[in-house]
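Student:
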Amino acid sequence: MGLPLSIILPFFFLFGTGTMISAKILMQTKVVNSHGLTVFFERPWFQTLIMFLAMSLALIKNAIDMKKLKKKHREAQPLLGDNFDKSEKVPGVPEPIVAFLVAIPATLDLLATTVMSFGLVLISVSVMQCLRAVMIAFAAILEVFFAKQLKTEKKIGAQWFGVILAFVGVFFVGYSSVLSGAGADENDNDGFAQLIGCLLVVISQFIQASQIICERFLLKSHDAPDALVVGCEGGWGSILCLVVFLPLAQLFKHKSWGEDVIDDFYVLRTNFHIKVFTGIYFGCILGLNMFGMMITSALSATHRTLFEALRTVAIWVVDLGIYYWISKDFGEAWTIYSYLELFGFIVLVIATLIYNKSLKVPGFFYPTPKETEDVEEPARPAEE
0 MGLPLSIILP FFFLFGTGTM ISAKILMQTK VVNSHGLTVF FERPWFQTLI MFLAMSLALI
60 KNAIDMKKLK KKHREAQPLL GDNFDKSEKV PGVPEPIVAF LVAIPATLDL LATTVMSFGL
120 VLISVSVMQC LRAVMIAFAA ILEVFFAKQL KTEKKIGAQW FGVILAFVGV FFVGYSSVLS
180 GAGADENDND GFAQLIGCLL VVISQFIQAS QIICERFLLK SHDAPDALVV GCEGGWGSIL
240 CLVVFLPLAQ LFKHKSWGED VIDDFYVLRT NFHIKVFTGI YFGCILGLNM FGMMITSALS
300 ATHRTLFEAL RTVAIWVVDL GIYYWISKDF GEAWTIYSYL ELFGFIVLVI ATLIYNKSLK
360 VPGFFYPTPK ETEDVEEPAR PAEE
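See below:
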C-alpha cells in the first residue's frame with residue numbers, strides 16, 4: 000500500500016523547494032580554489048552532473064518494481080510450475096529498447112539543465128522559478144508541429160489566450176529582473192547580465208519543452224514507467240556529462256561556457272560547506288524524483304499548477320528569509336521591482352490555469368467532455 004497524499008505532498012513540496020535553494024546557495028558560496036583565489040562556486044556543469052547522478056538512482060526503484068511485477072505474474076500462473084516461460088513478456092514490463100530511446104530526451108535534458116544553471120548564475124532563484132512557467136507555452140506551440148504524430152487534441156482559443164498571457168507574464172518577470180540590476184547578490188550583475196540570465200532560462204525551457212515532446216513521440220508505443228524513464232535519463236545524462244561534456248568544459252575552461260572541472264572536485268574535497276550543500280542538493284533531487292513519481296497520477300492539471308505556484312512562493316519566501324534573517328551573503332532582497340516580478344508571477348499562474356482549462360474565460364468556446372478528451376502532459380518530477 001502506497002503512502003497517502005497527505006504525506007507525499009509535503010515531502011514533494013519540501014524537496015522541490017530545497018532543490019532550488021541549495022542550487023543557488025552553492026553558486027553564492029565563496030570558496031578558495033586550487034589556484035588559491037577566492038571565487039564564487041558558480042559551476043553549472045558540476046550541478047548538472049550531480050542532478051543526473053541523483054536521477055539515475057531511480058533505476059533502483061524501477062528494478063524493485065519490475066521484480067514485483069514479474070513475481071506477481073509468475074504467481075498468477077501456478078499450474079505451469081517449472082514449465083513457466085521466463086522469456087515471456089510480462090505485462091507492465093517495458094522492452095529493453097526503451098532504455099536506449101531515452102538517450103535522446105536525456106541529451107535535451109542535459110542541455111536544458113545546464114543552460115538554466117548558467118542563467119541562475121546571473122539572476123535570482125525566484126526570477127528563474129517564475130520564468131520556468133513559460134515551458135507550457137513552448138510545449139503548446141511545439142505540439143502544433145507534431146500534432147499528427149502525437150495525436151493531440153486541437154487547442155481551443157482560450158488555450159492560445161493562455162499561451163499569449165504566459166509570454167506577457169514572462170516579460171514582466173524578466174523586466175523586473177533587468178530593472179533590479181544586481182539585486183541582493185554580490186555578483187554585481189548589471190541589467191544586461193540580468194537580461195542574459197533571463198534569456199538563458201527562457202531558452203532552457205524551450206529545450207525542456209522539446210524534451211517533453213520528444214519523450215512523448217519516442218515512447219508513445221512503449222510501456223515506460225516513470226522510474227525507468229527518469230532513471231535512464233539520469234544514467235545517460237551522467238555518462239554524457241562524464242564522457243563528453245565535462246571533458247569539453249575542462250578543455251575550454253577559459254571560455255564563457257567552459258568550466259574548470261578538476262577545480263570543481265578539488266573544492267568539493269576541501270570545502271566543508273560545498274560538501275554539505277552538494278549533499279543537500281543531491282538528496283533534494285533524489286527526493287523530488289521519488290515523491291514526484293508517487294503523485295504523477297494522483298494530481299490533476301489544476302492541482303499541479305497550483306502546487307507549482309505554491310512551490311515558487313515557498314522558494315521566494317525562503318530566499319528572502321535567508322537574506323534578511325540568516326546572512327546577506329545568500330538569498331535575495333525585496334526591492335521596489337519585486338512588486339513587478341510578483342505581478343508577472345500572478346499573470347503566469349493565471350495563464351497556466353487558463354491553458355489547462357481550469358479557469359474559464361468568458362467569451363471563449365469550451366467543448367463539452369463528450370466532444371473532446373483532455374490529453375495530459377506527462378509529468379516530469381525530475382527537475383532542478
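For the sequence shown, position 66 matches number 65 in numbering that gives the first Met the number 0, and the numbering has no gaps at all.
Backbone N, C-alpha and C fix where the C-beta goes; we use that ideal spot for every residue, glycine too.
#1: Buried or exposed, going by whether 16 or more other CB atoms sit within 10 Å of the CB of Pro3?
#2: What are the partner residues of Phe39, as DSSP defines its beta bridges?
#3: Indicate whether Ile195 and Ile49 have their beta-carbon atoms separated by less than 9 Å.
#4: Pairs of beta-carbons, one from the region 244-256 and one from the region 167-174, closer than 8 Å: are there three or more?
#5: Whose C-beta lies closer than 6 Å to the C-beta of Gly118 among residues of the same chain, with five residues either side of it excluded?
#6: Go to Asn288, then tell me how far its alpha helix (DSSP H) extends in each direction, as first and last residue.
#7: What is the DSSP secondary structure of Phe363, reduced to helix, strand or coil?
#8: Going by CA-CA distance only, name the one from Leu319, Val260, Gln204 that's closest to Ala138.
#9: Could you pull the start and end residues of the alpha helix (DSSP H) that Ala223 belongs to?
#10: I need the straight-line Cα distance from Gln46 to Thr367, nearest angstrom please.
#11: Counting pairs of beta carbons, one from the region 333-350 and one from the region 115-131, are three or more of them closer than 8 Å?
#12: Determine, using beta-carbon pairs with one atom in the region 29-38 and one in the region 300-319, whether at least three such pairs fall under 8 Å.
#13: Between Phe12, Thr28, Thr16, which has its C-alpha nearest Ser326's C-alpha?
#14: Identify which residue in Asp318, Ile96, Ala350 has its Cα closest to the Cα of Asp222.
#15: In chain order, what residues of the same chain lie with their CB nearer than 6 Å to the CB of Ile7, ignoring the 5 residues before and after it?
#16: Could you give the DSSP three-state label for Leu2: helix, strand or coil?
#17: Just reading off the alpha helix (DSSP H) that Ile140 is part of, what are its end residues?
#18: Indicate whether Cys231 and Ala111 have their beta-carbon atoms separated by less than 9 Å.
Tutor: Straight from the coordinates:
#1: exposed
#2: DSSP, once it has assigned bridges, lists Lys29 as partnering Phe39.
#3: Taking 9 Å as the Cβ cut-off, Ile195 and Ile49 do not qualify as a contacting pair.
#4: no
#5: Gly196, Leu199, Val200
#6: 271-293
#7: Coil.
#8: Comparing C-alpha distances from Ala138 to each of Leu319, Val260, Gln204 shows the shortest one belongs to Gln204.
#9: Taken as a continuous stretch (DSSP letters only), Ala223 belongs to no alpha helix (DSSP H), as it is neither H nor E.
#10: 45 Å
#11: yes
#12: no
#13: Thr28
#14: Ile96
#15: Phe290, Met293, Ile294
#16: coil
#17: Taken as a continuous stretch (DSSP letters only), the alpha helix (DSSP H) holding Ile140 covers 134-144.
#18: One thing to note: Cys231 has its Cβ no nearer than 9 Å to the Cβ of Ala111.
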